[in-house]
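J.: Protein chains in written order, with the working numbering: chain G, 1 to 226; chain D, 227 to 452. I'd like to ask some things about the structure below.
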DNA sequence: GAGGGGTATTTGTTCCAACTAATTTGTGAT
DNA sequence: ATCACAAATTAGTTGGAACAAATACCCCTC
């Protein structure tokens with residue numbers, strides 16, 4: 001097991017998350033710098049280091065992508081993160097927005113041994129409290145819902161169930177909590193106003209409006225109309 | 227809340243533990259260097275840093291002692307450590323020797339907010355799985371058993387109950403587990419051979435011998451003979 | 001009171017991961 | 001085809017925490 005400092009782990013995880021989000025394997029220095037909140041030059045030198053250690057492929061001025069081994073490391077970090085979140089969520093009954101920051105710190109401080117015990121304790125769950133899939137012990141990214149779409153992309157009149165939220169910002173999560181929305185909530189898209197950039201939907205009889213770009217972070221599966 | 231890096235926290239905790247163990251407030255550079263497994267020069271420069279930040283008093287060639295603020299920080303770290311140990315012990319049913327190392331890493335990665343929730347979840351416990359007292363939320367060191375002695379110091383024929391073990395070495399804890407000894411075990415001192423450096427005691431009908439210096443790490447309270 | 005032995009401190013490096021500022025490269029518009 | 005701009009890379013510094021080796025200090029013994 002190669003030694004990967006906390007910093008290296010964070011970079012690898014960031015690269016994985018950016019590429020999962022953007023859908024492309026290759027990411028740019030700039031994207032990574034912004035995500036890590038670090039100067040571009042810092043990223044360049046880190047990418048060289050990661051290339052040395054075979055964690056990424058890197059071509060100057062073009063960008064970088066994870067190698068198989070880099071991806072495995074990143075996935076292990078993600079697995080730790082998500083299992084810890086769920087663990088805290090289940091045992092301590094903390095809220096959505098509270099656990100993310102804690103898990104961010106803890107993910108580098110727990111051994112694989114402990115994580116596997118947490119996994120067992122939780123009954124080998126498939127998703128974390130945000131609905132994000134938990135990578136399996138052998139490093140596979142699981143995908144719980146193949147027919148996933150977003151609230152923003154759903155048609156008016158569509159009956160949907162929230163299965164995942166893909167933004168961990170405290171304020172966003174608080175907004176959802178306040179609105180009574182959580183994983184498993186079912187609702188109907190009532191109105192989409194592309195000009196105003198607004199989506200209105202109904203949940204348990206209550207109407208909720210949110211910006212289109214916000215609704216893109218709410219992943220749903222279609223339900224058959226009742 | 228002053229910013230204390232993980233390294234600073236570890237030094238402060240070490241100073242506290244050394245002085246608790248030795249019974250004297252002032253500790254030497256050498257003791258600390260050995261405890262931290264670090265070169266003496268490193269300790270000297272760290273002590274200067276800690277003096278700067280008002281965490282310790284330090285006099286060259288004489289040693290250092292915690293200031294009130296340094297002590298508070300150290301106690302908070304100790305509290306985190308012990309609550310985490312108990313948390314893992316209770317929820318994941320890990321063994322004595324497994325949790326210590328995990329908690330060592332995790333203690334710097336969890337917020338006071340989380341620790342207080344763990345405390346509540348556990349029902350505000352007084353001692354951790356090793357019987358060590360858990361400092362209270364307001365930074366008091368609790369002392370559960372005032373009439374504490376060690377197995378090594380108990381008279382032949384004494385009826386005792388184990389309430390604490392003061393060595394966290396994996397091998398020592400494994401030895402205790404294998405011997406069936408744990409917090410709460412009750413036994414009788416059968417034989418003490420100071421020349422051979424051996425203490426023999428009986429637990430549930432089983433005789434167990436251990437070295438005197440080992441038995442010093444087993445803290446007991448006397449029981450009335452049955 | 002002069003040495004000597006054991007601790008401590010100082011000094012000078014090293015590595016990591018960040019920064020700023022200067023330079024280079026790639027690309028889209030004219 | 002060139003220019004200008006945005007993005008990336010290089011170069012040079014910084015701070016933290018470690019090390020080894022040289023030096024300084026304390027105290028005990030003769």
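For each residue, glycine too, the CB sits at the ideal point set by N, CA and C. The structure displayed is predicted, hence computed values, not measured ones.
Give the C-beta separation of residue 391 of chain D and residue 357 of chain D to the nearest angstrom, bearing in mind that I take them to be a contact with Cβ-Cβ under 8 Å.
T.: 6 Å
J.: Mind checking the stretch 83-95 of chain G against chain D and listing, in chain order, the residues whose C-beta falls within less than 7 Å of any C-beta there?
T.: 91, 92, 94
J.: What are the partner residues of residue 201 of chain G, as DSSP defines its beta bridges?
T.: G/189, G/208
J.: Taking the alpha-carbon positions, what's the residue 18 of chain G to residue 216 of chain G distance?
T.: 16 Å
J.: Residue 288 of chain D to residue 248 of chain D, Cα distance in whole Å?
T.: 16 Å
J.: In the DSSP assignment, the beta strand (DSSP E) including residue 264 of chain D goes from what residue to what residue?
T.: No beta strand (DSSP E) holds residue 264 of chain D; DSSP gives it neither H nor E.
J.: Excluding the 5 residues preceding and the 5 following residue 169 of chain G in the sequence, name in chain order all residues of the same chain whose CB lies nearer than 8 Å to its CB.
T.: none
J.: Please list, in chain order, the chain D residues whose beta carbon lies closer than 9 Å to that of residue 102 of chain G.
T.: 335, 336, 337, 339, 340
J.: Is it true that the CB of residue 32 of chain G sits closer than 8 Å to the CB of residue 87 of chain G?
T.: no
J.: Between the Cα of residue 450 of chain D and the Cα atoms of D/416, D/327, D/385, D/407, which residue gives the shortest distance?
T.: D/385
J.: So the candidates are G/73, G/206, G/28; which of them puts its Cα closest to the Cα of residue 60 of chain G?
T.: G/28
J.: Going by other Cβ atoms of all chains shown within 10 Å of its Cβ, with 16 needed for buried, is residue 361 of chain D buried or exposed?
T.: buried
J.: Going by C-alpha distance, which of D/424, D/237, D/434 is nearest residue 301 of chain D?
T.: D/237
J.: Mind the definition here: the stretch 331-344 of chain D touches the stretch 97-111 of chain G only if three or more C-beta pairs lie below 8 Å; say whether that holds.
T.: yes
J.: Reducing DSSP to helix, strand and coil, say where residue 237 of chain D ends up.
T.: helix
J.: Pairs of beta-carbons, one from the stretch 401-416 of chain D and one from the stretch 316-334 of chain D, closer than 8 Å: are there three or more?
T.: Yes: the two stretches touch, three or more of their Cβ pairs being nearer than 8 Å.
J.: List the residues of chain G that residue 360 of chain D touches, going by C-beta distances under 9 Å, in chain order.
T.: Contact of residue 360 of chain D with chain G by beta-carbon distance below 9 Å is absent, the smallest such distance being about 17 Å.
J.: Within a Cβ cutoff of 7 Å, which residues of the same chain sit near residue 207 of chain G, ignoring the five residues on either side of it in sequence?
T.: 190, 200
J.: What ranges does the alpha helix (DSSP H) occupy inside the stretch 229-315 of chain D, keeping only unbroken runs of at least 4 residues that lie completely in it?
T.: You should have 232-248, 255-262, 266-278.
J.: I'd like to know whether the C-beta of residue 350 of chain D is nearer than 8 Å to at least one C-beta of chain G.
T.: no
J.: Looking at the secondary structure, which residues open and close the alpha helix (DSSP H) in which residue 173 of chain G lies?
T.: First-last of the alpha helix (DSSP H) with residue 173 of chain G: 170-178.
J.: DSSP beta-bridge partners for residue 449 of chain D?
T.: D/385
J.: Where do the N-terminal and C-terminal ends of the alpha helix (DSSP H) with residue 341 of chain D fall, by residue?
T.: Segment 338-347, the alpha helix (DSSP H) holding residue 341 of chain D.
J.: Counting only C-beta atoms, is residue 137 of chain G closer than 8 Å to chain D at any point?
T.: no
J.: Roughly how far, in whole angstroms, is the beta-carbon of residue 129 of chain G from the beta-carbon of residue 85 of chain G, given that I think they are within contact range, below 8 Å?
T.: Contact between residue 129 of chain G and residue 85 of chain G holds: CB atoms are separated by about 6 Å, below the 8 Å threshold.
J.: Compare the Cα-Cα distances from residue 50 of chain G to each of G/34, G/68, G/39 and report the closest residue.
T.: G/68
J.: In three-state terms, what does DSSP make of residue 317 of chain D?
T.: helix
J.: Anything in chain D within Cβ reach of residue 172 of chain G, meaning under 9 Å, just list it in chain order.
T.: Within chain D, no residue comes near residue 172 of chain G; the closest Cβ sits about 20 Å away, beyond 9 Å.
J.: Taking buried to mean at least 16 other C-beta atoms within 10 Å of its own C-beta, is residue 296 of chain D buried or exposed?
T.: buried
J.: If you count every other CB in all the chains shown that lies within 10 Å of the CB of residue 326 of chain D, and 16 or more means buried, which is it?
T.: In this structure residue 326 of chain D is buried. Its beta-carbon is surrounded by 16 or more other beta-carbon atoms within 10 angstroms.
J.: Please report how far the alpha carbon of residue 197 of chain G lies from the alpha carbon of residue 212 of chain G, in whole angstroms.
T.: 5 Å
J.: Whole-angstrom Cβ separation of residue 292 of chain D and residue 102 of chain G, contact assumed at under 8 Å?
T.: Incorrect: roughly 28 Å between the Cβ atoms, too far for contact.
J.: Compare the Cα-Cα distances from residue 184 of chain G to each of G/6, G/172, G/218, G/46 and report the closest residue.
T.: G/218
J.: Using a threshold of 8 Å, state whether the C-beta atoms of residue 398 of chain D and residue 446 of chain D are closer than that.
T.: no
J.: At which residues does the alpha helix (DSSP H) containing residue 185 of chain D begin and terminate?
T.: In the structure displayed, chain D extends from 227 to 452; residue 185 of chain D sits before or after that span and is not available.
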